[in-house]
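Here's the structure, in structure tokens; my notes come after.
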Amino acid sequence: MKTEKTITGDVDPDVLEYTVGDDPVLDMDLVRWDCLGTAAHVTMLSEMPVEPPVVTKDEAARVRAALASVVADKTFVVREQDQDVHMAVETRLTETLGDLGKKIHTGRSRNDQVAVDVRLHIKDQLHSLTAELADLASALVAFGRAHDRVPMVGRTHLQPAMPSSVGVWATGHAEMILDQTANLEAAYKINDACPLGSAAGYGVPLPLDRKRTSDLLGFERPMHNVFGASMGRGEDEAALLSALAQLMSVLSRLAEDMILFSMPEFGYFSLPRAYCTGSSIMPQKYNPDVLELVRSKTAQVLGLATAALSMLHAMPGGYNRDLQDCKGLYMKGLSITRTTLRILAKFVRGMGVDEAKLRAGFIPGVFATDVALRKVASGTPWREAYHQVRDNLEALSSESPDAAVAAKTHAGATAGLDYGIYESRIALVVMQTMKRRAEFEAKMDALFTM
Ligand code: ARG
């Protein structure tokens, strides 16, 4: 029988291809994190109170230097016979360091190794994603500020409902987006724990210092239970994907509003022509393809989250190879969500406002509720006022959109928007993200240079 040679034995080529799957491509995003995880593990091994030492302090320093050069090596690749980044790095270290390279996997399994890689990768990605989310929110708040009191018909069931404003529209979307930081923060917290030392999911008979590796890698804490640490693989990615799915669904509503209100029939907003694509047959066309794709990408991220949860449901405890397939799901989800945040920020910043079209949308009925409430203010019971207005809708044609916008002064309404609330929420998210990223990067730098 024809077989392929791997670190863990000779394998049928079709079996190898099927089990390796997309790892050689996907794992390229994990190279840096795999090397850092190994640097922390080997450093801890060199400090372990055993005689003779598994690796000496000097050997650990040589391993860290070799790992740093793997990260710097632009030609480093994961080949199919390596199976994944973990074995590719071990093979490389054995080539460069000889027998010392063969020691780095002491007290480890690829199960805790890949789990730590994924967690470091997710943490890094979440720093960028959170900054991108804050940037989109800030674009919306600036758009709202610039057109704060410009009257805009508020809709329910898509039908004209009550007087509103561009400020309310824009900051309403900003608030929904900012609220999603709570879900992302939950995913961040679940992710901020170190599975290292759980090995295959049942620990090892060596005095590993799990707190030490966790600290070296900048995690908030080690995951305590070794079996739990192995089951965190997949659950961690699913928590992230669930947060991304809801964020994308919030973004798709913004995109849909932008499509609707930039249609010529509304014309409230306009998109720069360069942001739209034309038609090969209809010379007049400028289509908002990007915004349409936000809808389809949202469907994809919902699918990715569902795929991860479906994969996990009723999976037996402990490592199962199914978990490998979670990798592509979360990576794709992150990539789609991040590009969507960035392109939407660009669209919001480029969007124009047509005040005349916005005012033209104020058909008399839009003022009905406000006028009925004025009657209440002069003593008419609500239901009577409601019927008086309903029976005499023509009388509303002299109402002014600007006066209606100015009349709603309570918190969060057309004349009661506090932009400072949004600006300080955004500033807080930006500051926390910058601080976290700086602390994280300092830990990572220190590992290779210690
Ligand atoms: N590439 C594998 C994954 O992503 C690494 C872990 C393999 N572990 C195992 N027990 N076969 O899941």
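Sequential numbering from 0 applies to the sequence shown in numbering that gives the first Met the number 0. Using N, Cα and C, we set each Cβ at its ideal position, and we do this for glycine too.
### Query
So who's on the other strand from F161, going by DSSP bridges?
The residue you call residue 161 lines up with position 162 of the sequence shown. The identity of residue 161 in the sequence shown is Met, whereas the question assumes Phe. Partner(s): G153.
### Task
With a threshold of 7 Å, establish whether the CB of D13 neighbours any heavy atom of the ligand ARG.
Residue 13 sits at position 14 when you count from the first residue of the sequence shown. In this structure, D13 has its beta carbon at no less than 7 Å from each heavy atom of the ligand ARG.
### Task
Might you give, ordered along the chain, the residues of its own chain that have their beta carbon closer than 6 Å to the beta carbon of K356, omitting 5 neighbours on each side?
As a first step, residue 356 is located in the sequence shown; it is residue number 357 there, counting from the start. Excluding sequence neighbours, K356 sits near G266, Y267.
### Query
Any contact of the region 118-132 with the region 425-437, i.e. 3+ C-beta pairs under 8 Å?
The answer is yes - the region 425-437 touches the region 118-132, with three or more Cβ pairs under 8 Å.
### Task
Check whether the region 188-205 touches the region 220-237, taking contact to mean three or more Cβ pairs, one atom from each stretch, closer than 8 Å.
yes
### Query
Between the C-alpha atoms of N182 and L301, what's the straight-line distance to the nearest angstrom?
Against the sequence shown, residue 182 aligns to sequence position 183. Against the sequence shown, residue 301 aligns to sequence position 302. Approximately 15 Å, taken between the alpha carbons.
### Query
Between the Cα of T5 and the Cα atoms of M43, L333, S45, D83, which residue gives the shortest distance?
In the sequence shown, the residue the question calls residue 5 occupies position 6. Ranking the options by Cα distance to T5, first place goes to D83.
### Message
Looking at the secondary structure, which residues open and close the beta strand (DSSP E) in which D134 lies?
### Response
Reading the sequence shown from its first residue, position 135 is the one you call residue 134. Following the DSSP letters along the chain, one finds D134 in no beta strand (DSSP E) but inside the alpha helix (DSSP H) bounded by residues 109-145.
### Task
Sort Y17, P271, N190 by Cα distance to L290 and report the nearest one.
As a first step, residue 290 is located in the sequence shown; it is residue number 291 there, counting from the start. Ranking the options by Cα distance to L290, first place goes to P271.
### Message
Could you check whether the region 296-312 touches the region 7-22, counting it as contact only if at least three pairs of C-beta atoms, one from each stretch, sit closer than 8 Å?
### Response
no
### Task
Can you check DSSP and say which residues form a bridge with A192?
As a working mapping, residue 192 is identified with position 193 in the sequence shown. Answer by DSSP bridge pairing, in chain order: R220.
### Query
Going by the beta-carbon positions, is the gap between V152 and G327 smaller than 8 Å?
Here residue 152 corresponds to residue number 153 of the sequence shown, with the count starting at 1. Here residue 327 corresponds to residue number 328 of the sequence shown, with the count starting at 1. Result no, Cβ atoms of V152 and G327 do not sit closer than 8 Å.
#### Entry: Closest residue to M453 among R91, E50, D116, E89 (Cα-Cα distance)
An answer regarding residue 453 cannot be provided, because it is not within the stretch 0 to 449 covered by the chain.
### Span separating the alpha-carbon of A242 from that of E255
As a working mapping, residue 242 is identified with position 243 in the sequence shown. As a working mapping, residue 255 is identified with position 256 in the sequence shown. Taking the straight line joining both Cα atoms gives about 20 Å.
### Message
As a quick exercise: from M0, V347, R358, pick the residue whose alpha carbon is nearest that of A173.
### Response
For the purposes of this step, residue 173 is taken as residue 174 along the sequence shown, with counting starting at 1. Of the candidates M0, V347, R358, the one whose C-alpha sits nearest the C-alpha of A173 is V347.
### Message
Using 8 Å as the threshold, is the C-beta distance between L92 and L35 below it?
### Response
Here residue 92 refers to the residue found at position 93 when the sequence shown is read from its first residue. Here residue 35 refers to the residue found at position 36 when the sequence shown is read from its first residue. No, the Cβ-Cβ distance between L92 and L35 is not below 8 Å.
### Task
Compare the beta carbon distance of V370 and E398 with 8 Å and say whether it is the shorter of the two.
As a first step, residue 370 must be located in the sequence shown, where it is residue number 371. As a first step, residue 398 must be located in the sequence shown, where it is residue number 399. Result yes, Cβ atoms of V370 and E398 sit closer than 8 Å.
### Where the beta strand (DSSP E) containing V10 begins and where it ends
Reading the sequence shown from its first residue, position 11 is the one you call residue 10. Residues 8-10.
### Query
Which residues, in chain order, sit with a beta-carbon under 6 Å away from any heavy atom of the ligand ARG?
D22, D83, R109, N110, V113, Y318, R320, L322, Q323, K326
### Task
Look up N286 in the DSSP assignment and say whether it is helix, strand or coil.
Within the sequence shown, residue 286 is the residue found at index 287, counting from 1. In the structure shown, N286 sits in a strand (DSSP, three-state: E or B).
### For F268: DSSP bridge partner residues
Along the sequence shown, read from residue 1 onward, the residue named residue 268 stands at position 269. Paired residues: V352.
### Length of the line joining the Cα atoms of V149 and M262
One-based indexing of the sequence shown puts residue 149 at position 150. One-based indexing of the sequence shown puts residue 262 at position 263. Roughly 19 Å separates the two Cα atoms.
### Query
Can you find at least 3 beta carbon pairs, one from the region 201-211 and one from the region 175-190, that sit closer than 8 Å?
In the pairwise beta carbon analysis, the region 201-211 is classified as not touching the region 175-190: fewer than three pairs are separated by under 8 Å.
#### Entry: Beta-carbon contacts of V53 that lie in its chain and below 7 Å, excluding the five residues immediately before and after
By one-based count along the sequence shown, residue 53 stands at place 54. Hits under 7 Å: L44, M47, K102, T105.
#### Entry: Local Cβ density within 10 Å of S295, reported as buried at 16 or more and exposed below that
As a working mapping, residue 295 is identified with position 296 in the sequence shown. With fewer than 16 Cβ atoms within 10 Å of its Cβ, S295 is classed as exposed.
### Task
Select from A403, G415, E354 the residue whose C-alpha is nearest the C-alpha of R451.
In this structure the chain extends from 0 to 449, so residue 451 is not present and cannot be described.
### Residue from I342, S137, D134 with nearest C-alpha to F274
As a position in the sequence shown, residue 274 is number 275, starting the count at 1. In the sequence as presented, Phe is not what sits at residue 274; that position holds Tyr. The candidate whose alpha carbon is nearest that of Y274 is I342.
### Query
Just reading off the alpha helix (DSSP H) that T379 is part of, what are its end residues?
Start at 1 with the first residue of the sequence shown, and residue 379 comes out as number 380. Boundaries for T379: no alpha helix (DSSP H) harbours it, and the DSSP string shows neither H nor E there.
### Query
Would you call the CB atoms of L416 and E131 closer than 8 Å?
Here residue 416 refers to the residue found at position 417 of the sequence shown. Here residue 131 refers to the residue found at position 132 of the sequence shown. Taking 8 Å as the Cβ cut-off, L416 and E131 do not qualify as a contacting pair.
### Task
Name the one or two DSSP bridge partners that T5 has.
For the purposes of this step, residue 5 is taken as the residue at position 6 of the sequence shown. In DSSP, T5 forms a bridge with G8.
### Message
Just to confirm, is the Cβ distance from A38 to R78 under 8 Å?
### Response
Locating residue 38 in the sequence shown gives position 39, where the first residue counts as 1. Locating residue 78 in the sequence shown gives position 79, where the first residue counts as 1. Result no, Cβ atoms of A38 and R78 do not sit closer than 8 Å.
### Query
Going by beta carbon distance, what residues of the same chain come within less than 8 Å of Y385, once the five residues before and after it are set aside?
Taking the sequence shown and counting its residues from 1, the one referred to as residue 385 is at position 386. When the five nearest sequence neighbours on each side are left out, the beta carbons in the same chain lying within less than 8 Å of the beta carbon of Y385 are those of A371, in order along the chain.
#### Entry: Where the alpha helix (DSSP H) through E398 begins and ends
Along the sequence shown, one-based indexing puts residue 398 at 399. Premise fails: E398 is in no alpha helix (DSSP H) and is neither H nor E.
### Task
Look at the alpha carbon of Q283 and the alpha carbon of T276, and state the distance between them as a whole number of angstroms.
Translated into positions along the sequence shown, residue 283 becomes position 284. Translated into positions along the sequence shown, residue 276 becomes position 277. Rounded to the nearest angstrom, the two C-alpha atoms are 11 Å apart.
### Query
T170 by DSSP, collapsed to three states: which one?
Mapped onto the sequence shown, residue 170 falls at position 171. Reduced to three states, the DSSP call for T170 is helix.
### Task
Have a look at A71 and D81 and give me their C-alpha separation to the nearest angstrom.
Here residue 71 refers to the residue found at position 72 of the sequence shown. Here residue 81 refers to the residue found at position 82 of the sequence shown. Cα to Cα, the separation comes out at about 19 Å.
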